[in-house]
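Each remark here refers to the structure printed beneath this line.
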Amino acid sequence: MSPLPTDAKTAITFIRTVPILRIFSVEKAKEFYRGFLGFSVDWEHTFEPGMPVYMQVSRAGLQLHLSEHHGDGSPGVHIHVEMTGVDEFHAEVTAKGYPYLCPGVQDEFYGARAMHVTDPFGNRISFNQFKEARESV
Numbered sequence: 002m003s004p005l006p007t008d009a010k011t012a013i014t015f016i017r018t019v020p021i022l023r024i025f026s027v028e029k030a031k032e033f034y035r036g037f038l039g040f041s042v043d044w045e046h047t048f049e050p051g052m053p054v055y056m057q058v059s060r061a062g063l064q065l066h067l068s069e070h071h072g073d074g075s076p077g078v079h080i081h082v083e084m085t086g087v088d089e090f091h092a093e094v095t096a097k098g099y100p101y102l103c104p105g106v107q108d109e110f111y112g113a114r115a116m117h118v119t120d121p122f123g124n125r126i127s128f129n130q131f132k133e134a135r136e137s138v
């Protein structure tokens, strides 16, 4: 594994980004992220029963935080994910027959093969596999 890039003038290194997506129903979120996309629920947190849930889902190195808390953002964000195996991922999710979404996979103008999905809360995720290797900056 190559070393993480650092700011040339300081010792600052950003390790990862974990998007927080606003949700309104833990059950619908689990149906979509776990049932349809194949993510695992790593943990859930609530301050007490009946309070909003904050949880982490992950798959193959991608972590997402899902939150019912009003202050954790607005639904309708768009996340760009770079990955490998987008055609295999597409075949896997479409074989599940999720009744609310049947995404396509296509070659995009920006050089990626992509599958776009929208969760039940209006958050959009674009899964992109670039045809040519790209360097991180």
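Residue 138, in the numbering used here, is where the sequence shown stops; the numbers in between run on with no holes.
Yeah, the Cβ is synthetic: ideal placement off N, Cα and C, and Gly gets one too.
Note that the structure is a prediction, hence the values are computed from the model and not measured.
Ignore the nearest five residues each way along the sequence and tell me which others in residue i's own chain have a CB closer than 6 Å to its CB.
i	result
His46	Tyr55
Roughly how far, in whole angstroms, is the beta-carbon of residue i from the beta-carbon of residue j, given that I think they are within contact range, below 8 Å?
i	j	result
Arg23	Pro76	5 Å
Ala115	Val78	Contact flag wrong, Cβ pair sits at about 17 Å.
Pro6	Ile80	Not a contact, Cβ separation roughly 21 Å.
Leu63	Val82	6 Å
Since residue i sits in a beta bridge, which residues does DSSP pair it with?
i	result
Tyr55	His46, Ser68
His81	Ser127
Val118	Ile126
Asp108	Arg114
Identify, in the order they occur along the chain, each residue of the same chain with its Cβ nearer than 7 Å to the Cβ of residue i, setting aside the five sequence neighbours on each side.
i	result
Glu93	Gly39
His70	Pro53, Tyr55
Lys31	Val42
Asp73	Ile21, Arg23
For residue i, is the classification buried or exposed, using 16 other Cβ atoms within 10 angstroms of its Cβ as the cut-off for buried?
i	result
Phe122	buried
Phe15	exposed
Ala9	exposed
Tyr34	buried
Phe110	exposed
Phe48	exposed
Could you tell me the alpha carbon to alpha carbon distance between residue i and residue j, rounded to whole angstroms?
i	j	result
Arg125	Thr85	19 Å
Gly51	Ser26	12 Å
Phe90	Leu67	21 Å
Thr95	Thr119	14 Å
Pro100	Glu28	15 Å
Gly112	Gly105	16 Å
Leu107	Glu133	Contrary to the premise, residue 107 reads as Gln rather than Leu in this sequence. Taking the straight line joining both Cα atoms gives about 16 Å.
Ile13	Gln130	28 Å
Gln57	Gly36	15 Å
Less than 8 Å between C-beta atoms, sequence neighbours within five positions excluded: which residues of the same chain meet that for residue i?
i	result
Ser59	Phe40, Ser41, Asp43, Leu65
Ala61	Met84
So is residue i in contact with chain B if we call contact Cβ pairs under 9 Å?
i	result
Asp73	Here chain B cannot be found, since the structure has a single protein chain.
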